[in-house]
Amino acid sequence: MTTRTGRDYGRRRMQPLDPAPEPDPRVCEPDAAPFARDDSLTPQQLAARLVACFGELGDRPDRMSRTFAASVATLDVAPGDPLRVGAMVIAADIDRGIGAGIPEGYHNPRHFLEVLLCALDLSRRARLPDGATLNVLVAALMHDFHHDGSAGGKQPFWHERLAVSKALPYLEAAGAASDALQRIACLVLATEPALGAPFARACHAFHRGEAASAPDRPPLPELDPLRTDPGLALEAVVLIEADVLPSIGLTVEYGHRVQSLLAAELGRTLDARDKLRFIDAFGELTIGAFFAPNRQALRIDCLRRLRRNRVQAEDGSGLSSVATAR
398 MTTRTGRDYG
408 RRRMQPLDPA
418 PEPDPRVCEP
428 DAAPFARDDS
438 LTPQQLAARL
448 VACFGELGDR
458 PDRMSRTFAA
468 SVATLDVAPG
478 DPLRVGAMVI
488 AADIDRGIGA
498 GIPEGYHNPR
508 HFLEVLLCAL
518 DLSRRARLPD
528 GATLNVLVAA
538 LMHDFHHDGS
548 AGGKQPFWHE
558 RLAVSKALPY
568 LEAAGAASDA
578 LQRIACLVLA
588 TEPALGAPFA
598 RACHAFHRGE
608 AASAPDRPPL
618 PELDPLRTDP
628 GLALEAVVLI
638 EADVLPSIGL
648 TVEYGHRVQS
658 LLAAELGRTL
668 DARDKLRFID
678 AFGELTIGAF
688 FAPNRQALRI
698 DCLRRLRRNR
708 VQAEDGSGLS
718 SVATAR
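Quick look at the structure:
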């Protein structure tokens, strides 16, 4: 009789979470998700649809122009709206390689596209009015404009301020009003992960009645309106979650792919422990709660990878001990 050890059972349970999805014939069609709402899709199906769309649109030379135009076409926004017009010029420049980030890193044109499409989906889930959705889409398009892959001297808001300074002139030249420019700038600055995003999320929690008071002091003066404007705080959280959704809320495979690009950009190794730390540090998705099963699947996969690595390390240690004894 063969006795199974706990380690044997652990190995047996370490199976892929999901089978490979079937090819989706509806990828990127204007009347299908993510460009149209489709409540029949499960979180896993919508994640696969988004990932497939990233691939199909991401391979096009006009990826950002086409995606932004298709996204805005779902809204009731005038063709001559200054934000729409200015953002289209930004999108065209990104397609030309201007301000397009790091080609082989995480902050590449594909990331711009990912955040744009995730922002469209999450804006719909948040039931944002079309004007507010346009704000979020424009901010998504420009949030990492001219990102150079550096640590920015490790100064909070360095990259976000750079994006704002490079992108706002396009919107201003198109005739955007000063209050609209300030709103877009606030949204972009709120994506800063160390101080901006936590502040914006805390303001949103207060406006939702989940906190007794708003945060006392903003990390930047430009973020102060988030304390008193529930709509602006909601737009900010939609954008913040869109920024991380490809990393933590779509498919397991895509979550790890995104991390590998970040590792290449940073020039260091990132493993399942780093991924798990990021998932837990960000916490639960609120606007994107629909994708919570995908986030949980990625957490489980990270834990399985860590367990598998530990088992392999123990096995290697055991073999080394036997070899030494011989």
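In terms of the numbering used here, the sequence shown opens at residue 398 and continues consecutively.
The C-beta atom is built at its ideal place from N, Cα and C for all residues, glycine as well.
Please read these numbers as outputs of a predicted model, since none were measured by experiment.
Buried versus exposed, by CB contacts within 10 Å (16 or more), residue i
| i | result |
| --- | --- |
| L712 | According to the sequence provided, residue 712 is Asp. The question's Leu does not apply to it. The residue is exposed, with fewer than 16 neighbouring Cβ atoms inside 10 Å. |
| S437 | exposed |
| D518 | buried |
| A609 | exposed |
| K551 | exposed |
| R507 | buried |
| S644 | buried |
| A633 | buried |
| Q656 | buried |
| E638 | buried |
| I676 | buried |
| A591 | exposed |
| A516 | buried |
| R707 | exposed |
Beta-carbon proximity of residue i to residue j, cut-off 8 Å
| i | j | result |
| --- | --- | --- |
| C699 | A669 | yes |
| V585 | A548 | no |
| R446 | P427 | no |
| D621 | H540 | no |
| P618 | F596 | no |
| E650 | G546 | no |
| V424 | A449 | yes |
| G646 | R692 | yes |
| R580 | L629 | yes |
| L636 | A587 | yes |
| F687 | R522 | yes |
| H601 | L568 | no |
Proximity to residue i [Cα-Cα], best of the options
| i | options | result |
| --- | --- | --- |
| H544 | P690, F675, E589 | E589 |
| S468 | G502, A433, G455 | A433 |
| A694 | H653, L636, A660 | H653 |
| H504 | R524, E557, A523 | E557 |
| A660 | P566, E501, I676, F542 | E501 |
| R460 | A429, P440, L510 | L510 |
| T439 | V655, P690, A591 | P690 |
| W555 | P566, Y567, F542 | F542 |
| G593 | G606, E607, P612 | P612 |
| R696 | Q442, V535, T648 | T648 |
Alpha-carbon spacing of residue i relative to residue j, whole angstroms
| i | j | result |
| --- | --- | --- |
| A489 | A497 | 10 Å |
| L514 | V533 | 11 Å |
| M485 | I491 | 10 Å |
| T666 | A537 | 28 Å |
| P627 | A577 | 16 Å |
| Q412 | S562 | Residue placement at Q412 is poorly supported in this model, since its pLDDT is 39, which falls under 50; the coordinates are not used for a value here. |
| P418 | R493 | Caution applies to P418, whose pLDDT of 49 falls short of 50 and renders its modelled position unreliable; the value that the coordinates give is listed next. Answer to the nearest angstrom: the Cα atoms are 33 Å apart. |
| C583 | G483 | 17 Å |
| H604 | G685 | 17 Å |
| L642 | I487 | 23 Å |
| T625 | G680 | 24 Å |
| E453 | R463 | 12 Å |
| R614 | L623 | 11 Å |
| K672 | R704 | 14 Å |
| R524 | R702 | 37 Å |
| G606 | L682 | 17 Å |
| P359 | I499 | Given a span of 398 to 723 for the chain in the structure shown, any question on residue 359 remains unanswerable. |
| T466 | F451 | A small fix is needed here, since residue 466 is Ala in this sequence, not Thr. The straight-line gap from Cα to Cα measures roughly 15 Å. |
| G455 | L658 | 15 Å |
| I495 | P458 | 13 Å |
| Q441 | V512 | 18 Å |
| I535 | R674 | Strictly speaking, residue 535 in this sequence is Val, with Ile absent from that position. Going from the Cα of V535 to the Cα of R674 covers about 30 Å. |
| P566 | D435 | 36 Å |
CB contact below 8 Å: residue i versus chain E
| i | result |
| --- | --- |
| S575 | No chain E appears in this structure, which consists of one protein chain only. |
Residue i beta carbon near the ligand MG (any heavy atom closer than 7 Å)
| i | result |
| --- | --- |
| F432 | As presented, the structure is devoid of all ligands, the ligand MG included, so that no description of it is given. |
How do the stretch 572-584 and the stretch 474-482 stand: do at least 3 beta-carbon pairs fall below 8 Å, yes or no? With three or more CB-CB distances shorter than 8 Å, the stretch 572-584 counts as touching the stretch 474-482.
Assess contact between the stretch 522-542 and the stretch 460-475, defined as three or more Cβ pairs (one per stretch) separated by less than 8 Å. Is contact present? Because the criterion of three Cβ pairs below 8 Å is met, the stretch 522-542 and the stretch 460-475 touch.
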